[in-house]
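S.K.: Take a look at this one; I'll ask things after.
There are 2 protein chains.
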Amino acid sequence: MLGVGLAAVCGGHGTCGRCRVTLISGWLSETTSIEHELIPPHDLAHGVRLACQATPLSDCVINVSPESLTTTQRIQVEGLQAIQRIDPPVTSHRVTVPPAGLNDMRADEDRILTELSATDGIDCKVLDIDAARDLPRLLRDGDWTVGVSVRGGEIVAVGPWPSQSLGLAVDLGTTKIAAYLLDLTTGATLGARGAMNPQIRYGEDVVARLTHALSRPEGAEELAAEAVTAVNDLAVSLARDAGVDPSRILEAVIVGNTAMHHLLLQLPVEQLARAPYVPAVTGALDLKARDIRVDIARGAYVHLPPNIAGFVGADHVAMLLASGITSNSDPMLAIDIGTNTEVCLAAGGHLTTVSCASGPAFEGGHIRDGMRAAPGAIEHVKIDGDEVHLQVVDDAEPTGICGSGILDALAELTAHGVVDAVGRLSANHPRVLRSGKSHEFVLVPSTQRGGRPPVSVTQGDIRQLQLAKAAIATGVEALLAHERLEALELSSVIIAGAFGTYIDISSAIAIGMLPPLPLERFRQTGNAAGVGAKMTLVSTSARSDAIELARKAEYLELATATDFMKRFVDNTRLAPYTSHGG
Amino acid sequence: MLGVGLAAVCGGHGTCGRCRVTLISGWLSETTSIEHELIPPHDLAHGVRLACQATPLSDCVINVSPESLTTTQRIQVEGLQAIQRIDPPVTSHRVTVPPAGLNDMRADEDRILTELSATDGIDCKVLDIDAARDLPRLLRDGDWTVGVSVRGGEIVAVGPWPSQSLGLAVDLGTTKIAAYLLDLTTGATLGARGAMNPQIRYGEDVVARLTHALSRPEGAEELAAEAVTAVNDLAVSLARDAGVDPSRILEAVIVGNTAMHHLLLQLPVEQLARAPYVPAVTGALDLKARDIRVDIARGAYVHLPPNIAGFVGADHVAMLLASGITSNSDPMLAIDIGTNTEVCLAAGGHLTTVSCASGPAFEGGHIRDGMRAAPGAIEHVKIDGDEVHLQVVDDAEPTGICGSGILDALAELTAHGVVDAVGRLSANHPRVLRSGKSHEFVLVPSTQRGGRPPVSVTQGDIRQLQLAKAAIATGVEALLAHERLEALELSSVIIAGAFGTYIDISSAIAIGMLPPLPLERFRQTGNAAGVGAKMTLVSTSARSDAIELARKAEYLELATATDFMKRFVDNTRLAPYTSHGG
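Residue numbers (the numbering used here), protein chains in the order written: chain X, 1026 to 1607; chain H, 1026 to 1607.
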């Protein structure tokens, strides 16, 4: 399981033929009648198969064509650095007890609790029932010495001594899941893995997922099961890679947006899906892993840091934590760009957040030739007269354009006057083609694609980008207005998230998506939510900080902000911010 | 489901024909081919059926012949009195919150926690995940008013307001299960029900159950499932009888001996089944009902009071609690007679317990014509010259003899010199028959039973009784010796449990099973364990008392007591205690 997302329009039923792969080496199961129907004989003979039909019978090398990928493999799981603050919620201790005999018939539990108190000065009140089930055999097999893992006055696990104390941190994104295996004692990251969120087959975005959960009685159960299975698979893979036992994972932290959080926990989402978008729960949760079917140590807890509001979740809190933002920071903006873009302003002792419906354009959605940042995606664009210079992911043949590419293209087109401030594509450039009633700017002409249609930026794409950037700019503007700040007063702007890592900040400033600050005030931090999840995994005080952040953060509902619609429309202009950030 | 245990030698496979019942009124399913094979046509025509084959199609009145009963229906579930001390662990509160809107987008959890603190002064830190799942719909359906049930800083359930707060107390015996439904607010008992412990099909006594649990991997799982299902069935029946919803049961208490406790919780029993008989856990436990699959409110807890030792369990603690014994009591003995008899001595500021392997004789086991106290069981015996006067359960035709009957018979036979002090049955009484190499004393001659074999007390039965009573007397004696007390110094003796309720104390004194005290010093308390379970259900301070009782109680291992075997042999003599209680 490499965590590569394949297109499966039919849902894996072998009817769409979209999930073609080519066997390079190794053995797959026999070809099926479905494959004989959907794959030309010549291709079949050269190893082309349908991923939904073929089962690997050995280690295989498979070539996946870019068109079959649902999305990028650029899942951000980097950040292998050790976390600095280590005060883990679970600590493990060697305990040796007096052997049982007719002159000492105390319960095993009594033996352990007494010794833990006497030797380590740790007074536990509770022995988890699953730990109690393991204890008698471990004590006798270990010649009356065991490792005891303690969390807030409770023994959550017992194991042989010595053995490792591991933790799992998960950033459960709508599209991607990043998971990290950490040593709870040292804080060292032992491994990192990414996977697509398999809920994606029930809908690409949050709204589609919520709709699925509400569409039928088992909908919510299905979504929860998909997420939990993916997390469990990642845990198993990480443990295998590190050569450790998944049952030694003694604590997990999962961060996600509020919808992912609710769907994972099977909390009701009806009230979250429609105005006033009220979460069932925003406070931090500590749940027994078994209660949500997460397969780590059976008595372990899963910690879920707090959400701020219906559309500002724990992933944003984790990002703020990792970015070092506090209410006492100098004026500072943190932006997590996605289908939903969360923005937080720290200023004047306050933390204020907004959520902007920026839409899927930055992820290639609703863009004619849009795609995620997979090989073949145009990720950067430079226009030089009639020439167009492209940077393509993995230097592959360009097959589409991803978010950072569209952003560059729009900035370049605006700079060169091919697109005007209201977003109209001029017909007066040799690369502009008429297509139907509209125009498109050709990045890769049909002639360079063996006669296949060109890869272009269309007039419709430009409208999508205008809406997306206007949403973000309006959010930023509303926050600045709320604190009566000018954009230039911002000491720094943090851009987090996968998309934000790859964009050219100058392009974003040029079209008025980000405020016009000196470039050195911007920091592109990658998967800061993942880093925040790791911080809360190994540090109790980091958890307190996250809770404090969420408690202090005020949520500003854009729909109720003054002049929201007027400002939004103004912000569709393709030009740098002017006054008051807008 | 009346909780009537039927004989099922074949395990319900329709091959033994033992489970015959007769339909008096109502409708049952069609007769099966198995029934046509095993029941004579004449009987079939008169409504005789096999319980394993027939399914009720309406309310039915069924006659169960005594031979088909595995055991008595005299399950002690009486004690409908209200409990005096009411400080329940769960309290319910009406909470009305401000409605959600675009100007108040707080999470439902936040709304409830804030209001509960502001209005009732109750600061909760935790909202159970299942309660959180129920909350949004209940809030909106209830026009922003709900009932919130709180337990130690945690909201364990939410429900419509008003609604009842109920509790379930269970005495999980090896043979019988007694369950009580209580109103947590008033302490009133709303209903009581009994059932056989269905684990019985895996073995009649504790040792057989432990053996089954260890015999194969799924053994422990099977036993736990049987017990849990029985508890759940009782809860459903009690709730139905009382016209309430089982999901309004917000707390449960289960007491049992240590083996029943471990088997219910699937705690390991290997170390409990062999010397030095060490429990995995003796401390009180508070487990989420869902963790042990008990179907009450999903976020509710099951409280399991503490055990004292491997063979002195929480049922004994509950009995001590109900009996009002404390370490400061005047010298006082409490005896719970069963296959295993637990005895506790309170004296001199100490509580000391022993466990005596008294065997199944008092429950009719290993007694040739023994049976449990079901209709047809001889429960009291009086010998008057050649005449024998019998008291039979339900005044039915006598079909066997139960524990209290055997005890009486032995006392009478001893008093009349038919049995001597060493237990030998004289041949010189007209009712004594030679049977094989041995003798038997006939209670119901064959002539009165239509030619069927007589109902008798055999020489072998007497030997069984001697072993049983010697075990108890030796336990009592060891306790008295431990505290350097004479039997006569005991201010009172409590006899608890089903068997203890029905015995004639004089008979027990006559054969030297109980100490020779004035009868007014004895108290037969019935199912005191059930009463203790109810007390701990509705009172947090009673729970503390139970924990304190268990903590103070010292367990004395008889096998390591001085002269144990010599004393035991001496105590097989059929005569009242002499010195030092022995």
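Ideal placement from N, C-alpha and C gives every residue a C-beta, glycine not left out.
Just so you know, these numbers come straight off a predicted model, no measurement behind them.
DSSP on G1104(H), reduced to helix/strand/coil?
M.R.: Position 79 of the second sequence, counting from 1, holds the residue named residue 1104(H). In this predicted model, G1104(H) has a pLDDT of only 40, less than 50, meaning its place in the structure is not dependable enough to derive any value.
S.K.: Quick one: using the 10 Å Cβ neighbour count with 16 as the cut-off for buried, is V1120(X) buried or exposed?
M.R.: The residue given as residue 1120(X) occupies position 95 in the first sequence. By the neighbour-count rule (16 or more Cβ atoms within 10 Å), V1120(X) is buried.
S.K.: Can you name the residues of chain H whose CB is closer than 9 Å to the CB of D1258(X)?
M.R.: On the first sequence, position 233 is the one that residue 1258(X) refers to. Within 9 Å Cβ-Cβ: nothing; D1258(X) doesn't reach chain H, min ~23 Å.
S.K.: Out of L1239(X), M1560(X), C1044(X), state which residue places its alpha-carbon closest to the alpha-carbon of L1329(X).
M.R.: Counted from its first residue, the first sequence places residue 1329(X) at position 304. It is M1560(X) whose Cα lies nearest to the Cα of L1329(X).
S.K.: Along the chain, which unbroken stretches of the alpha helix (DSSP H) at least 4 residues long are found entirely within the stretch 1277-1306 of chain X?
M.R.: Taking only runs of at least 4 residues, the alpha helix (DSSP H) segments lying wholly in the stretch 1277-1306 of chain X are 1283-1290, 1295-1298.
S.K.: At 8 Å on the CB atoms, spell out the chain H contacts of A1305(X), in chain order.
M.R.: For the purposes of this step, residue 1305(X) is taken as the residue at position 280 of the first sequence. Neighbours of A1305(X) on chain H, chain order: A1132, D1133, E1134, A1157, R1158, L1160, P1161.
S.K.: In its own chain, which residues sit with a C-beta less than 6 Å from the C-beta of T1597(H), not counting the 5 before and 5 after it?
M.R.: As a working mapping, residue 1597(H) is identified with position 572 in the second sequence. Same-chain partners within the cutoff: Q1491, A1495.
S.K.: Check the DSSP bridge columns for D1208(X) and list the partner residues they point to.
M.R.: Locating residue 1208(X) in the first sequence gives position 183, counting from the first residue. In the DSSP output, where bridge partners are listed per residue, D1208(X) has L1191(X).
S.K.: Which value, in whole angstroms, describes the spacing of the CA atoms of V1327(X) and A1264(X)?
M.R.: For the purposes of this step, residue 1327(X) is identified with residue 302 of the first sequence, where counting begins at 1. For the purposes of this step, residue 1264(X) is identified with residue 239 of the first sequence, where counting begins at 1. The straight-line gap from Cα to Cα measures roughly 17 Å.
S.K.: Whole angstroms is fine: what's the gap from L1292(X)'s alpha carbon to P1242(X)'s?
M.R.: Residue mapping note: residue 1292(X) aligns to position 267 of the first sequence, counting from 1. Residue mapping note: residue 1242(X) aligns to position 217 of the first sequence, counting from 1. Near 13 Å, if we compare the C-alpha coordinates of P1242(X) and L1292(X).
S.K.: Starting from L1138(H), trace the beta strand (DSSP E) in both directions and tell me its first and last residue.
M.R.: In the second sequence, residue 1138(H) corresponds to position 113, counting from 1. Unbroken run through L1138(H) is the alpha helix (DSSP H), 1133-1145; no beta strand (DSSP E).
S.K.: Between T1499(H) and chain X, is any beta-carbon pair separated by less than 8 Å?
M.R.: Locating residue 1499(H) in the second sequence gives position 474, where the first residue counts as 1. So, not an interface residue.
S.K.: Report the start-end ranges of each beta strand (DSSP E) in the stretch 1344-1375 of chain H that is 3 residues or longer and not cut off at the edges.
M.R.: Here the runs fully enclosed are 1357-1361, 1366-1372.
S.K.: Are the C-beta atoms of P1185(X) and some chain H residue less than 8 Å apart?
M.R.: The residue given as residue 1185(X) occupies position 160 in the first sequence. Not an interface residue.
S.K.: Please list the terminal residues of the continuous beta strand (DSSP E) segment that includes F1466(H).
M.R.: The residue you call residue 1466(H) lines up with position 441 of the second sequence. 1463-1469 is the extent of the beta strand (DSSP E) around F1466(H).
S.K.: Could you check whether the Cβ of L1581(H) sits closer than 8 Å to any Cβ belonging to chain X?
M.R.: On the second sequence, residue 1581(H) is found 556 positions in, with the first residue counted as 1. Not one chain X Cβ lies under 8 Å of L1581(H).
S.K.: Looking only at DSSP bridge pairs, what is S1262(H) linked to?
M.R.: Position 237 of the second sequence holds residue 1262(H). Beta-bridge pairing links S1262(H) to no other residue.
S.K.: Using the beta-carbon count (16 or more within 10 Å), is V1278(X) buried or exposed?
M.R.: Counting from one through the first sequence, the residue named residue 1278(X) turns up at place 253. Looking at its Cβ environment, which holds 16 or more other Cβ atoms inside 10 Å, V1278(X) is buried.
S.K.: Quick one: grab the DSSP three-state call for H1341(H).
M.R.: Translated into the one-based positions of the second sequence, residue 1341(H) becomes position 316. Residue state, collapsed to three classes: helix.
S.K.: Can you find a C-beta in chain H that's less than 8 Å from the C-beta of T1095(X)?
M.R.: Position 70 of the first sequence holds residue 1095(X). The predicted model places T1095(X) with a pLDDT of 41, which falls under 50 and marks its position as unreliable, so this point remains unresolved.
S.K.: Listed from N- to C-terminal order along the chain, which residues in the stretch 1284-1308 of chain X have their beta-carbon within a distance smaller than 8 Å of any beta-carbon of chain H?
M.R.: Against chain H - using a Cβ distance shorter than 8 Å - the residues of the stretch 1284-1308 of chain X are L1290, Q1291, L1292, P1293, E1295, Q1296, A1300, P1301, Y1302, V1303, P1304, A1305, V1306, T1307, G1308.
S.K.: Is the stretch 1308-1325 of chain X touching the stretch 1495-1505 of chain X in the sense that three or more CB pairs, one from each, lie closer than 8 Å?
M.R.: The stretch 1495-1505 of chain X is not in contact with the stretch 1308-1325 of chain X.
S.K.: Closest Cβ-Cβ distance between G1335(X) and chain H: below 8 Å?
M.R.: As a first step, residue 1335(X) is located in the first sequence; it is residue number 310 there, counting from the start. With 8 Å as the cut-off, G1335(X) counts as an interface residue toward chain H.
S.K.: Provide the residue span of the beta strand (DSSP E) that contains H1405(H), from first to last.
M.R.: Locating residue 1405(H) in the second sequence gives position 380, where the first residue counts as 1. Taken as a continuous stretch (DSSP letters only), the beta strand (DSSP E) holding H1405(H) covers 1402-1409.
S.K.: Quick one: which chain X residues come within Cβ less than 8 Å of L1152(H)?
M.R.: Taking the second sequence and counting its residues from 1, the one referred to as residue 1152(H) is at position 127. Under the 8 Å cutoff, chain X gives V1306, G1308.
S.K.: Would you kindly check if the distance between the Cβ of I1519(X) and the Cβ of R1548(X) is under 8 Å?
M.R.: Reading the first sequence from its first residue, position 523 is the one you call residue 1548(X). Reading the first sequence from its first residue, position 494 is the one you call residue 1519(X). Contact: yes.
S.K.: Going by beta-carbon coordinates alone, are T1351(H) and I1360(H) separated by less than 8 Å?
M.R.: Counting from one through the second sequence, the residue named residue 1351(H) turns up at place 326. Counting from one through the second sequence, the residue named residue 1360(H) turns up at place 335. Cβ distance not < 8 Å, so T1351(H) and I1360(H) don't count as in contact.
S.K.: Measure the Cβ-Cβ separation of A1343(X) and A1132(X) and say whether it is below 8 Å.
M.R.: By one-based count along the first sequence, residue 1343(X) stands at place 318. By one-based count along the first sequence, residue 1132(X) stands at place 107. Taking 8 Å as the Cβ cut-off, A1343(X) and A1132(X) do not qualify as a contacting pair.
S.K.: How about S1117(X) and V1173(X): are their beta carbons less than 8 Å apart?
M.R.: On the first sequence, residue 1117(X) is found 92 positions in, with the first residue counted as 1. On the first sequence, residue 1173(X) is found 148 positions in, with the first residue counted as 1. It is a contact, given that the beta carbons lie within the stated cut-off.
S.K.: Between which two residues does the alpha helix (DSSP H) harbouring A1008(H) extend?
M.R.: Not covered by the structure: residue 1008(H). The range shown for chain H is 1026 to 1607.
S.K.: Is the beta carbon of L1290(H) less than 8 Å from the beta carbon of A1567(H)?
M.R.: The residue labelled residue 1290(H) in the question sits at position 265 within the second sequence. The residue labelled residue 1567(H) in the question sits at position 542 within the second sequence. The answer is no: Cβ separation not under 8 Å.
S.K.: Look at the Cβ atom of L1215(X), then the Cβ atom of L1206(X), and state whether they are nearer than 8 Å.
M.R.: By one-based count along the first sequence, residue 1215(X) stands at place 190. By one-based count along the first sequence, residue 1206(X) stands at place 181. Contact: yes.
S.K.: At a CB distance below 8 Å, what residues from the stretch 1259-1276 of chain X approach chain H? Give them in sequence order.
M.R.: The residues in question: there are none.
S.K.: Going by the beta-carbon positions, is the gap between L1248(H) and A1238(H) smaller than 8 Å?
M.R.: Stepping through the second sequence from its first residue, residue 1248(H) is reached at position 223. Stepping through the second sequence from its first residue, residue 1238(H) is reached at position 213. Against a cut-off of 8 Å, the Cβ pair of A1238(H) and L1248(H) comes out as a contact.
S.K.: Taking only the alpha-carbon atoms, compute the straight-line gap between A1446(X) and A1436(X) and give it to the nearest angstrom.
M.R.: Here the question's residue 1446(X) lines up with position 421 in the first sequence. Here the question's residue 1436(X) lines up with position 411 in the first sequence. C-alpha separation (whole angstroms): 11 Å.
S.K.: State the start and end residues of the unbroken beta strand (DSSP E) segment that holds K1313(X).
M.R.: In the first sequence, residue 1313(X) corresponds to position 288, counting from 1. 1310-1313 is the extent of the beta strand (DSSP E) around K1313(X).
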